[in-house]
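Here the protein sequences line up with chains H and P, keeping their order.
When we follow the working numbering, the leftmost residue of the first sequence carries the number 1, and every step to the right adds one.
When we follow the working numbering, the leftmost residue of the second sequence carries the number 1001, and every step to the right adds one.
This report concerns only the one structure given below.
Protein chains: 2
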Amino acid sequence: MNSIKYYLDQVKTIFDAEQFDAEPHELYAPIDYTLRLGGKRIRPTMLLMANALFGGDEKQVHNAALGIETFHNFTLLHDDLMDRSPLRRGQPTVYTKWNENTAILSGDTMFALAWRFFLRQPSPSLQEILQCFNETAIEVCEGQQKDMNFERMGLANVSIGDYMDMIRQKTAVLLAGALKIGALYAGAPANEVERLYAFGIHLGLAFQMQDDLLDGYGDTAVFGKKTGQDIRDNKISFLPLTALKTANEEQKQQLLALFASKDNMDEEEKVRQVLAIYESLNLKNTIEKTIADEFETARKELDGIHADETLKTPLRELMETLIGRKK
Amino acid sequence: MNSIKYYLDQVKTIFDAEQFDAEPHELYAPIDYTLRLGGKRIRPTMLLMANALFGGDEKQVHNAALGIETFHNFTLLHDDLMDRSPLRRGQPTVYTKWNENTAILSGDTMFALAWRFFLRQPSPSLQEILQCFNETAIEVCEGQQKDMNFERMGLANVSIGDYMDMIRQKTAVLLAGALKIGALYAGAPANEVERLYAFGIHLGLAFQMQDDLLDGYGDTAVFGKKTGQDIRDNKISFLPLTALKTANEEQKQQLLALFASKDNMDEEEKVRQVLAIYESLNLKNTIEKTIADEFETARKELDGIHADETLKTPLRELMETLIGRKK
C-alpha cells in the first residue's frame, strides 16, 4: 500500500471485474469500448490513495473509483464530439467509430452509470459525497464552456486569470474532487479534507500547465502527439498567454496575428515562427518556474496534512511522476 | 389541495421563484430558455400529488419537483438534437437557436442541475429516492436508444412487445418515477409505493398510445401538429404495428411498402393511403379499446391504494384529463 503501483493495480483489478456491456447493445457497446481503453486512470487511483491516507476501508471505495472514472470518460466522450477530435488514446473516438447520436446518448448514459456506482455504496457522509461529486461535475461543464468561449473570444481577449479559472474547473476540480471523495468515505476531518482538496487543485493546475508546455516542447516520441499542435489549432493555452505578458509590442502583434491565422499560412512555418518568439522570450524557463511553484504549493498542502507519512508516499510518488513526465 | 389546478399552480410558483441563469451565460442561457418555456410540467405536478396522497410536507418536495422537470427537459434537449427536431412547444429548439455543442453541454449541465435539486433536500429515504431517480434516468436513455434502433430495423422487424417495452422506458417510467419519488418523500409504505408506481406505468403507456392515436386522428387545430406526421416520417408507432396484426397479406405488404418509402412518393398521398388502410381495418376502434383497457388497469391500481379518497381526487382528475385530451 506504499507505492503508486499498488493503487494502479487495484484500479485495474476493479475495472477488469466490472461488466459494462448490456442491452441495448447499441447503447452499451460504446461505453464498454471507452472504459476498456484504459488510459492512466489517475482519478480513481488518487481516490483510493486518499481513502487509505485516512485509514478508510478500500473495498468501500471500489464503487466510487468506478464512478469517478466513468464520469471522467463521459466528459471525454462529449468533449471529443464537441471538439471534433478523431482520436483518443490512439483509438477512434466514439463519434467517429459509431456516430454523433451514439456519442450523445451513450455519454448521457455513462453519466447516469457513474451515479449508479456512487449510489451503490452507503456511507454516513453520502449526501456530502454526492454533493461533492455533483458540484464537481457542474464545474467541469462550466470549464468546458469557458474553454469553448475562449476560442470565440480570441487570444487578445483572454487573461491569464480567465485561463487559470478555466483549467481549474475543467481539469483541477476533478482531481481534487476524487481526493476529497476518497477522504470523505474514510471519515477524514473537515479541515484535512479541505487541505487535501487544495493539494489536488494545485496539482491539477500544475499538471495542466505542464500539458500546455509539453505541446510546445515535448519530445514527440514520448509525448505521443506532434509538437506544436496547439499552435496549429490556434488553441489558447498557458504558453501564448504568458508570452504576451513579456513580449514587446512587435512580438505581441506578431503572436496575435499568428494565433488568428486560418488556412492562409503554412502550418509548419507558423509553428516555427511562434516557437521562435517563445525562444526569444525564454518562455520555457518562465513557465517551468511557474509550474515548479505550483507543485511546491501542492507539496506544502500535502506536508500540512496530519496523517501517517508512509501513507502519503504514494501521493508524493504520484506528484513526482507528474513533475517528471515527458508525456 | 383537491384539484389538479392547485398543483399546477404550485408547480408554476416553484419554477417562477427559481433562478436558472448563471455564469458562464453561454452555458446557462439555453437552460433558462428551456425551463422557462413551460410546457405541461405534468411530472412535477404528479410528484406533488403523490407526496400529498401520503401526507407528505409539500415544501419537502419543491426541490424534487424542480429536479424531475429539469431532468425531463434535459432529455428533450438531447432528443431534439438527436432527432433533428426544429421546434419544441412551438419555439426553436436549443440546437437550432444556438448550436449543437450548446445543446450537448447545456443538456449535460441540466442533468447535473437536476441532481443538485435532489441533493438539496435531506430525507431518511435519500439513497432510495436517488436510486429511483437514477434508474429511471438510465431506463429513459435505454428507451431512447431502442426508439432509434426501431428506425434502423424497420416496421417489419419490430413487434408490439418491443414497442410497448420501448414506450414503457422512454415515457412511462418517468411518470411512474415522479409518483414514486413523491411518495417516498412522504414516507409511504413500500407496497403502496409500488402500487402507485404501477398506476404511473399504465397511465404512461395509455398516454403514449393516445399520443400515437392522435397523430393519425387528432384534430389538427387542437392537437397543434399536422395529422399524419408519424406517417410522413415513417415513424414506427402503435398504429402501424397494431394495423399489421389484423391486416390481410395484401394490406400488410402495402403498409410495409408505404412505411419504407423515402422521398419517391407524394407525402399527402402516402398519408391518405395509410389512413385508408387503417380505416378499412377499423383501427381507431381497436386502439381506443386498448387505451381504455390500459386506463382501466391504471384506475384499478389507484383504487387499490390505501389513502384518503379526497387526496386521490387530483390524480383521478389528471387521469380523466389525459383520457379526454385532444392534444
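Yeah, the Cβ is synthetic: ideal placement off N, Cα and C, and Gly gets one too.
These numbers come from a predicted model, not from an experiment.
Output yes if chain H places a C-beta closer than 9 Å to the C-beta of P/ASN1285; else output no. no
Check: Quick one: what does DSSP say P/LEU1281 is sitting in, helix, strand or coil?
Finding: coil
Tell me which residues of the region 9-38 of chain H have at least one Cβ-Cβ distance to chain P shorter than 7 Å, keeping chain order.
PRO24, GLU26 and LEU27
Discussion item. Short of 6 Å in beta carbon distance, which residues of its chain neighbour P/LEU1318, apart from the five on each side in sequence? Order them along the chain.
Written reply: Only residues of its own chain outside the window of five on either side were considered, and among them ILE1004 have a CB closer than 6 Å to the CB of P/LEU1318, listed in chain order.
For this session: Please work out which residues of its chain come closer than 7 Å, Cβ to Cβ, to P/ASN1002, disregarding the five sequence neighbours upstream and downstream, and give them in chain order.
Result: THR1310, THR1313 and PRO1314
| task | Please state if the CB of P/LEU1155 and the CB of P/LEU1241 are separated by a distance shorter than 9 Å. | result | yes
Thinking just about the alpha-carbon of each residue, which of P/ASN1234, P/TYR1007, P/PHE1020 and P/TRP1098 is nearest to the one in P/MET1049? P/TYR1007
List the endpoints of the continuous alpha helix (DSSP H) containing H/GLN145.
126-153
>> List, in chain order, every chain P residue whose beta-carbon is nearer than 7 Å to that of H/THR109.
In response: ILE1138 and CYS1141
message: Can you look up H/ARG316 in the DSSP assignment and give me helix, strand or coil?
response: Correct three-state label for H/ARG316: helix.
* Examine chain H for any beta-carbon lying closer than 9 Å to the beta-carbon of P/GLN1145, and answer yes or no. => yes
For this session: Could you pull the start and end residues of the alpha helix (DSSP H) that H/LYS59 belongs to?
Result: Element bounds for H/LYS59: n/a, residue is neither H nor E.
Query raised in the report: Taking Cβ positions, are H/ARG195 and H/GLU301 nearer each other than 9 Å?
Result: In this structure, H/ARG195 sits near H/GLU301, with a CB-CB distance shorter than 9 Å.
With distances taken Cα to Cα, identify the nearest neighbour of H/ARG89 among H/SER123, H/LEU53 and H/GLY39. H/GLY39
Practice prompt. May I have a chain-ordered list of the alpha helix (DSSP H) segments no shorter than 4 residues that lie completely inside the region 1030-1116 of chain P?
Written response: 1042-1053, 1062-1083 and 1094-1097
Point to revise | Nonlocal neighbours in the same chain, by C-beta distance under 6 Å from P/ASP1212, ignoring five residues either side | key: SER1237, PHE1238 and LEU1239
request  = Measure the beta-carbon distance from P/ILE1181 to P/ILE1277 and round it to whole angstroms, keeping in mind my assumption that it falls under 8 Å.
outcome  = Contact flag wrong, Cβ pair sits at about 42 Å.
Say whether chain P places a C-beta atom closer than 9 Å to the C-beta of H/ASN134.
Under the Cβ distance rule, H/ASN134 counts among the residues neighbouring chain P, one pair being separated by less than 9 Å.
Fill in: Min CB distance P/ILE1068 to chain H below 9 Å
no
Requested in this report: With distances taken Cα to Cα, identify the nearest neighbour of P/PRO1189 among P/LYS1270, P/ALA1247, P/SER1125 and P/ALA1243.
Outcome: P/SER1125
Handout entry: Distance between H/ASP233 and H/GLY321 (C-alpha atoms, nearest Å)
Key = First, the amino acid is wrong: residue 321 of chain H is Thr here, not Gly. For H/THR321 and H/ASP233, the distance between alpha carbons rounds to 28 Å.
Checklist entry - By the criterion of Cβ-Cβ separation under 7 Å, what are the contact partners of P/GLN1060 in chain H? => result Result: empty, since nearest Cβ-Cβ is about 15 Å, beyond 7 Å.
- Message: Against chain H, which members of the region 1083-1101 of chain P pass a CB distance test of less than 7 Å?
- Response: ASN1101
*Partners in chain H for P/MET1148, counting only beta-carbon separations shorter than 8 Å*: GLU26, ASN101 and LEU105
Of the residues that make up the region 1116-1131 of chain P, which ones have a beta carbon closer than 7 Å to any beta carbon in chain H? ARG1116, LEU1119, PRO1122, LEU1126, GLN1127, LEU1130 and GLN1131
Check: Can you list the residues of chain H that P/LEU1081 reaches, using a CB-CB cut of under 9 Å?
Finding: Taking a Cβ-Cβ threshold of 9 Å, the residues of chain H close to P/LEU1081 are GLU100, ASN101 and ILE104, in chain order.
Inset, instruction - With a 10 Å radius around its C-beta and 16 neighbouring C-beta atoms as the bar for buried, classify H/ASP263 as buried or exposed. - result: exposed
* chain H beta carbons: is any one of them nearer than 9 Å to that of P/HIS1306? -> No, its Cβ sits nowhere closer than 9 Å to a Cβ of chain H.
**Asked** Are three or more beta carbon pairs between the region 1110-1127 of chain P and the region 1055-1068 of chain P nearer than 8 Å?
**Response** yes
Using a C-beta cutoff of 9 Å, does H/HIS72 count as contacting chain P?
-> no
*Can you say whether P/ALA1257 is buried or exposed, counting buried as having 16 or more other CB atoms within 10 angstroms of its CB?*
exposed
Do H/ILE104 and P/MET1082 have their C-beta atoms within less than 9 Å of each other? yes
Point to revise | Reference H/LEU119, options P/GLN1127, P/ALA1137 and P/LYS1097, closest by Cα | key: P/GLN1127
(message) I believe P/HIS1078 touches P/ARG1043 by the beta-carbon criterion, under 8 Å. Please report the beta-carbon distance rounded to the nearest angstrom.
(response) With a Cβ gap of about 17 Å, P/HIS1078 and P/ARG1043 do not count as contacting.
Practice prompt. Quick one: list the residues of chain P neighbouring H/ALA112, beta-carbon separation under 7 Å, in chain order.
Written response: ASN1134, ALA1137, ILE1138 and CYS1141
*CB contact check: H/HIS202 to chain P, cutoff 9 Å*: no
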